[in-house]
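Written out below as structure tokens is the structure these notes cover.
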Amino acid sequence: GPLNPTPRPTKLAVYHFGWIRPAWDGQPPKQGIQDSMEQDRPDAYAPGAIEKKWQKTWEDLGTNRFAPESLRNARKPFYNLMMFPYPSAEGLHVGNIYAFAGADVHGRYQRLTGKEVFEPIGFDAFGIHSENFALKQGVNPMDLTPRNVANFTRQLRRIGGMFDWDHTVNTSDPAYYRWTQWIFVQLFRAGLAERKEAPVNWCPSCMTVLANEQVIGGLCERCETPVEQRHIAQWFFRITDFTQRLLDNLKTLDWSDTTLKAQENWIGRSEGATLTFPVLPAVEGAPGGGAGEAVESPHDGPLISVFTTRPDTVFGATYMVLAPEHPLVGAITTPDRRNEVEVYMQEAAKLDLVARQKVDKTKTGVFTGAMCLNPATGEPIPVWIADYVLIEYGTGAIMAVPGHDQRDFEFAEVFGLPIPRVVAGPEEGADTPLEEAYLGDGTLVNSGRFDGLPWRDGARAIVEWLEEKGLAEAKVNYRLHDWCISRQRYWGPPIPIIHCETCGPVPVPEEKLPVLLPRVEDFKPDDSGVSPLARVEEWYKTDCPECGGEARRETDVSDTFLDSSWYFLRYPSTDRDDVPMDTEITERWLPVDCYIGGEEHAVLHLLYARFITMALKDMGHVNFEEPFTKFRKHGLIIREGAKMSKSKGNVIVPDPIIEEFGADTFRVYLMFLGPFPEGGDYRDEGIQGPYGFLHRLFDTVVSAVASPEGDGPPDPQVEQKLHKTIKQVSEQVPNLQYNTAIAAMMEYLNAVRAGGRQAARAEVEHLVPLIAPFAPHIAEELWERLGNDRSVFEGSNWPAFDPEKVAEETVRIAVQVNGKLRGTVEAPAGTSQEEAEALARDQENVTRHLEGLTVRRVVFVPNRLLNFVVG
RNA sequence: GCCGGGGUGGUGGAACAGGCAGACACAGGGGACUUAAAAUCCCCCGGGAGCAAUCCCUUGCGGGUUCGAGUCCCGCCCCCGGCACCA
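With this note's numbering, the residue at position 547 of the first sequence is 547, and numbering never jumps.
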């Protein structure tokens, strides 16, 4: 250690495996507070010095770095991925460290079991977040980002993760976004990227378009400003072409259940039918229509088609509703209603999404004057427009069944429309009045020849019946929309398209990539609906790659989520600048073996990454379609009852804590707070526990090495406990049950030191690799002091337990009388019921409770419990 | 409203597959060592009764199944996260 300085090692060109004894240059590092208190004790735990020493050793020897050849030839590859951070100006926060430490524990564990673990980290540096911060500070993001990245890198090294710094990515680096643009071009060529004018979510504060996924309850997810609707030409990725595959593949993934469920809900599959309602010609006076007879043939007027999940209720459809934006509104509105309809449409357009989507808002709407034929009843029904019908879902129009849809019920009540019953519950008849929409199970009533059918069968029969007339079609609808990737901002990869008046949108040829983002001092977005790049004429003026004529570059940049949708594909191939992915290396290392990240990305990032991977598979660029074999979410760190945030003032800055206690202690503490997948409650004093534990561990191992008694045999009971501990930790660590694994090691160390006894080396040496994933520096130091000349992480140092030693020799059997504990007996394992009963009856407290009572039954669970049932 | 997850000491949290509730740790109290501190070590630590042995109560609430329920079933209450006029 620092006390035995050895010559400075020469940097060895040996990567990853096969390095020789680590050495250190002997310069005493700057000491933390705890270190300085220990400076007069030669064998005291000095985390600051130990951590400096080992970080330098790992760095000098390239312990965690892969040479391209090592990547190519790996025999037991394990790709351990964690979600890369956005490099904020504030630096790493505790939440980042929690996530990275937890993922690093997993990677280090895998490595201790002999896997070759690739654990990269990078920076999600493009995006509105960085840009807004740069604007606020009046700095150019091109200057700010490298500073933040440098600071993050320093902090990341300090926490002792086994990151491969030779394979890092920065999404704002042209060497990276060149390939992000390449992906855009591939999608364009495959017909998966298209430009269309569409109503989009516009954040008036961020002054850009947001994807649906970035609108939370009608508010911008970033600044919580109410989102407006705008119509702009945008680039969309056709993720909806993959909907069913994205849904079906979920079954094949080893992911957290909650994450799978979130994806499933987001995709939002609904089964139902599209039904067609013919609009009746506007006739003066009474609207026609032969009552009682179903429509027999399609007619030549406009048709309104609706999507419904309840075609069985079509007999109860007493009116129709179109979304105010529905294209047919203008065509069908009768002249006398035109003014009122116009006014309503304008009102609806003005409302922002929050106001419009208020569920408890009183229903509003207006009659268009048009009538439709209900295809089932043949009755004319009025067509309304109302803002509770959304243009973006289904067909933008509904058949309203007030008896069996609560929203329709409320609307019908406001406007005095009829509310017939067409489904009757078990206790109900055809005429049972409706107090509210009836949504339960039941059979059809008031539905002509379908009366009496259970509603599911009725639905099928009615669709078949209407299908024959060409008025219905079974249909599956999804909630998922195409992914709008255009952003009218500066800090992102320019979309690699050139607009030519004669050729239309032309992709920038692959060999001309990247389209460099120019340095622009005035990058403030404005309300114009176009990117600040549209103000840089010398940049956007260009020639058409096809006809050579004058053309204009696309001035929008792409969504940050596109940057992060493929970064894991790039990491192993960063040695190649001629291709996005090295085929051989990609086949060897992907898909990712284990991905650990926050649940906040359960739908956005994970869905986009799956989509991009699927698209690349179809185009032949990769040979798998699901990028993450296994995904585990980590929890959140709570402090003072809330998620850490600057506004709540409950943020913990990690650097001073690492300075005072060391990264090892901090890591162990974070992992000990609570179950990793659930998170935990950060309490400042709590770090004392893990600190004391590592301290005792250090003292115990050092004294076992130094003292002559340390060479003696292990105490049999301690040894038994050791094997049980190895078993427990080996089962829990791979399942991310870190808190209980640490507790087990603490318990074991307490047993080793019980009564202040001298520990034997044989009792503690296996503890070192067990703690190594959590506290890698102290583990290396102790491993060295135990006389090993190679890293504890080299080879397969994870200890095995001896099943015979795990088996109990004596057991404690609980003795109950009528289920209440009245004593325990110690007996050899495997003691029979008769023997156990005899032992139990020897106990005074047991006999006292049996006295004068008849034992009716005895329940015996071998090695665990004996229960006398008396009465 | 719908879909997840949860409710256990002063606190964070343990508890295999229905079998000794409260592991491990923090905070608190007492002690050893020390001029003093740090570090380390030992003891106590859910509530109530009792000198004690011991007994009673206790896992959000109310029922149930069982020899036995924190764990399973039924009905509630509350908290957290996600989705939400999605037809």
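Note that beta-carbon positions come from the ideal geometry of N, C-alpha and C, so glycine has one too.
To which residues of the same chain is tryptophan 798 closer than 6 Å at the C-beta, ignoring the five residues directly before and after it? In the first sequence, counting from the first residue as 1, residue 798 sits at position 798. Excluding positions up to five away in sequence, the list reads Leu112, Thr113, Pro769.
Cross-strand partners of isoleucine 398 (DSSP beta bridge): By one-based count along the first sequence, residue 398 stands at place 398. Note: isoleucine 398 sits in a beta bridge opposite Val321.
CA-to-CA distance, leucine 866 to valine 825, given in whole angstroms: On the first sequence, residue 825 is found 825 positions in, with the first residue counted as 1. On the first sequence, residue 866 is found 866 positions in, with the first residue counted as 1. Answer to the nearest angstrom: the Cα atoms are 10 Å apart.
With a cut-off of 8 Å on the beta carbons, I'd call valine 869 and arginine 856 a contact; round off their distance for me. Locating residue 869 in the first sequence gives position 869, counting from the first residue. Locating residue 856 in the first sequence gives position 856, counting from the first residue. That belief holds up - the Cβ atoms of valine 869 and arginine 856 are roughly 5 Å apart, short of 8 Å.
If we call anything under 8 Å between Cβ atoms a contact, is proline 656 one with tyrosine 669? Position 656 of the first sequence, counting from 1, holds the residue named residue 656. Position 669 of the first sequence, counting from 1, holds the residue named residue 669. In this structure, tyrosine 669 does not lie closer than 8 Å to proline 656 by Cβ.
Which listed residue (Glu808, His849, Pro828, Ala800) has its alpha carbon closest to that of glutamine 816: By one-based count along the first sequence, residue 816 stands at place 816. Minimum Cα distance to glutamine 816 is reached at His849.
Segment limits, alpha helix (DSSP H) that includes glutamate 703: The sequence position of residue 703 within the first sequence is 703, counting from 1. First, the residue type needs correcting, since residue 703 is serine and not glutamate in the sequence shown. Per DSSP, serine 703 belongs to the alpha helix (DSSP H) from 688 to 706.
Opposite glycine 416 in the DSSP bridges: which residues? Locating residue 416 in the first sequence gives position 416, where the first residue counts as 1. Glycine 416 pairs with nothing; no bridge assigned.
If you run the structure through DSSP and keep just helix, strand and coil, what is lysine 617? The residue you call residue 617 lines up with position 617 of the first sequence. Of the three classes helix, strand and coil, the one that applies to lysine 617 here is helix, per DSSP.
Is proline 496 closer than 8 Å to phenylalanine 236 when the C-beta atoms are compared? Residue 236 sits at position 236 when you count from the first residue of the first sequence. Residue 496 sits at position 496 when you count from the first residue of the first sequence. Not closer than 8 Å, so no.
Tell me whether leucine 866 sits in a helix, a strand or coil according to DSSP, three-state version. By 1-based counting over the first sequence, the position of residue 866 is 866. Note: leucine 866 maps to strand in three-state DSSP.
Member of Gly680, Val653, Met671 whose CA lies at the smallest distance from the CA of glycine 641: As a first step, residue 641 is located in the first sequence; it is residue number 641 there, counting from the start. Among Gly680, Val653, Met671, the Cα nearest to that of glycine 641 belongs to Gly680.
Serine 205 classed as buried or exposed, judged by whether at least 16 other C-beta atoms fall within 10 angstroms: For the purposes of this step, residue 205 is taken as the residue at position 205 of the first sequence. Serine 205 comes out exposed.
According to the neighbour-count rule (16 or more other Cβ atoms, all chains shown, within 10 Å of its Cβ), is glutamate 259 buried or exposed? Stepping through the first sequence from its first residue, residue 259 is reached at position 259. According to the sequence shown, residue 259 is threonine rather than glutamate. The residue is buried, with at least 16 neighbouring Cβ atoms inside 10 Å.
Where does valine 14 sit, in a helix, a strand or coil, going by DSSP? The sequence position of residue 14 within the first sequence is 14, counting from 1. The predicted position of valine 14 is uncertain, since its pLDDT is 26 and thus under 50; no value can be drawn from it.
Mapping DSSP to helix, strand and coil, what is histidine 481? Against the first sequence, residue 481 aligns to sequence position 481. Coil.
Close-in-space but distant-in-sequence residues of the same chain around arginine 696 (CB under 8 Å, 5 per side omitted): Working through the first sequence from its first residue, we reach residue 696 at position 696. Excluding residues within five positions, the ones whose Cβ falls inside 8 Å are Leu749, Arg753.
For methionine 671, the first and last residue of its enclosing alpha helix (DSSP H): Position 671 of the first sequence holds residue 671. First-last of the alpha helix (DSSP H) with methionine 671: 663 to 672.
Quick one: Cα of arginine 479 to Cα of phenylalanine 307, how far? As a first step, residue 479 must be located in the first sequence, where it is residue number 479. As a first step, residue 307 must be located in the first sequence, where it is residue number 307. Rounded to whole angstroms, arginine 479 to phenylalanine 307 spans 12 Å at the Cα level.
Skipping 5 residues on each side, what residues in its chain have a beta carbon closer than 7 Å to that of proline 174? Residue mapping note: residue 174 aligns to position 174 of the first sequence, counting from 1. Result list for proline 174: Pro514, Leu516, in chain order.
Grab the span of the beta strand (DSSP E) containing serine 305 for me, first residue to last. One-based indexing of the first sequence puts residue 305 at position 305. Note, serine 305: beta strand (DSSP E), 303 to 308.
Quick one: residues in its chain with C-beta nearer than 7 Å to the C-beta of valine 139, no 5 flanking neighbours on either side, listed in chain order? Indexing the first sequence from 1 puts residue 139 at position 139. The answer is none, since no qualifying residue turns up.
Separation of glycine 369 from methionine 83, as counted between CA atoms: As a position in the first sequence, residue 83 is number 83, starting the count at 1. As a position in the first sequence, residue 369 is number 369, starting the count at 1. Looking at the two C-alpha atoms, the distance is approximately 55 Å.
Taking all protein chains shown into account, decide if proline 298 is buried (16 or more other Cβ within 10 angstroms of its Cβ) or exposed. Along the first sequence, read from residue 1 onward, the residue named residue 298 stands at position 298. With a pLDDT of only 47 at proline 298, under the threshold of 50, the placement of this residue in the model should not be trusted; the figure read from the coordinates follows. With fewer than 16 other Cβ atoms within 10 Å, it is exposed.
Burial state of cysteine 547, where buried means 16 or more other Cβ atoms lie within 10 Å: Along the first sequence, read from residue 1 onward, the residue named residue 547 stands at position 547. Cysteine 547 comes out exposed.
Please state whether DSSP places arginine 790 in a helix, a strand or coil. Position 790 of the first sequence, counted from the first residue, corresponds to residue 790. Arginine 790: coil per DSSP, three-state reduction.
Output yes or no for whether 8 Å exceeds the beta carbon distance between serine 565 and isoleucine 612. As a first step, residue 565 must be located in the first sequence, where it is residue number 565. As a first step, residue 612 must be located in the first sequence, where it is residue number 612. Closer than 8 Å, so yes.
By Cβ distance, which residues of its chain are closer than 8 Å to proline 716, with the 5 residues on each side in sequence left out? Translated into positions along the first sequence, residue 716 becomes position 716. Around proline 716: no qualifying Cβ.
Asparagine 201, buried or exposed, once every other Cβ within 10 Å from all chains shown has been counted against 16: The residue given as residue 201 occupies position 201 in the first sequence. Buried.
Determine which residues share a DSSP beta bridge with threonine 219 and list them. Residue numbering aside, residue 219 sits at position 219 when the first sequence is read from its first letter. Correcting the residue identity first, residue 219 is leucine in this sequence and not threonine. Beta-bridge pairing links leucine 219 to Ile216, Pro226.
Could you say if the region 313 to 326 and the region 375 to 395 meet the contact criterion of at least three C-beta pairs nearer than 8 Å? yes
When DSSP labels each residue in this structure, what does tryptophan 798 get in the three-state scheme? The residue you call residue 798 lines up with position 798 of the first sequence. Tryptophan 798: coil per DSSP, three-state reduction.
Classify histidine 216: buried if its beta carbon has 16 or more other beta carbons within 10 angstroms, exposed otherwise. Sequence index remark: in the first sequence, residue 216 carries index 216 (1-based). The sequence given here places isoleucine at residue 216; histidine does not occur at that position. Under this definition isoleucine 216 is an exposed residue.
Where does arginine 21 land, buried or exposed, given buried means 16+ other C-beta within 10 angstroms? By 1-based counting over the first sequence, the position of residue 21 is 21. In this prediction, arginine 21 scores a pLDDT of 26, lower than 50, which makes its location untrustworthy; the coordinate-derived value is nonetheless stated afterwards. Classification for arginine 21: exposed.
Determine, using beta carbons only, whether threonine 252 and glutamate 626 come nearer to each other than 8 Å. In the first sequence, the residue the question calls residue 252 occupies position 252. In the first sequence, the residue the question calls residue 626 occupies position 626. Contact: yes.
Cα-Cα, which of His634, Ile585, Ser645, Ala609 is closest to arginine 75? Along the first sequence, read from residue 1 onward, the residue named residue 75 stands at position 75. Ranking His634, Ile585, Ser645, Ala609 by Cα distance to arginine 75 puts Ile585 first.
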